[in-house]
Every structure is written in C-alpha cells, then in structure tokens.
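Undergrad:
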Amino acid sequence: SADRRPFSCSVCGKSYRHGGSLVNHRQTHQTGLFPCPGCCRRYHNRAAFRNHLRNHPR
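Mapping of the sequence shown onto my numbering: position 57 corresponds to residue 235, and the numbering continues sequentially without gaps.
1) Please go through the same chain and pick out, in chain order, the residues whose beta-carbon is closer than 7 Å to the beta-carbon of arginine 224, but skip the five residues on each side of it.
2) Would the beta-carbon of cysteine 187 fall within 7 Å of that of histidine 203?
3) Once the 5 residues before and after cysteine 217 are set aside, which same chain residues still bring their CB inside 6 Å of it?
4) Give every residue of the same chain whose Cβ lies closer than 8 Å to the Cβ of histidine 196, excluding the five residues on either side of it in the sequence, and list them in chain order.
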C-alpha cells in the first residue's frame, strides 16, 4: 500500500498521514513558545513543557 501523507506543512513541506500530527508539527515553527523559568530549555509543545516542569529538578 502507498504511504499516503495528505497533510503537508505550508512552511517546510513536511507531510503527515494525520491532520493532528500536522497541527503538532506546526508548533515547531513557533520557537520558544514555552520557556522553562528554571533552565534554558524551550518547548514548542505545551504537553512536553508541562511534563518537563513536573520532572524538573528543583
């Protein structure tokens, strides 16, 4: 079967099988949306940022 990826990014052209994956990918083009106040890391994805904060050494 063909590898159909009908959802493509208008910024970089990367394509995905599912629309939700494209939505998540689009966040990577918006750098530094969620900067960690305790270290120099920045996250494009809110879920990854929250996970980082939960596990961040204090």
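Glycine included, C-beta positions come from ideal geometry on N, C-alpha and C.
This structure is a prediction, so every number in the text was calculated from the model and none was measured.
TA: Reading it off the structure:
1) On the sequence shown, position 46 is the one that residue 224 refers to. Correct list, in chain order: Phe212.
2) In the sequence shown, counting from the first residue as 1, residue 187 sits at position 9. In the sequence shown, counting from the first residue as 1, residue 203 sits at position 25. Yes, Cβ-Cβ distance for cysteine 187 and histidine 203 is below 7 Å.
3) Counted from its first residue, the sequence shown places residue 217 at position 39. The answer is none, since no qualifying residue turns up.
4) Locating residue 196 in the sequence shown gives position 18, counting from the first residue. Result list for histidine 196: Phe185, in chain order.
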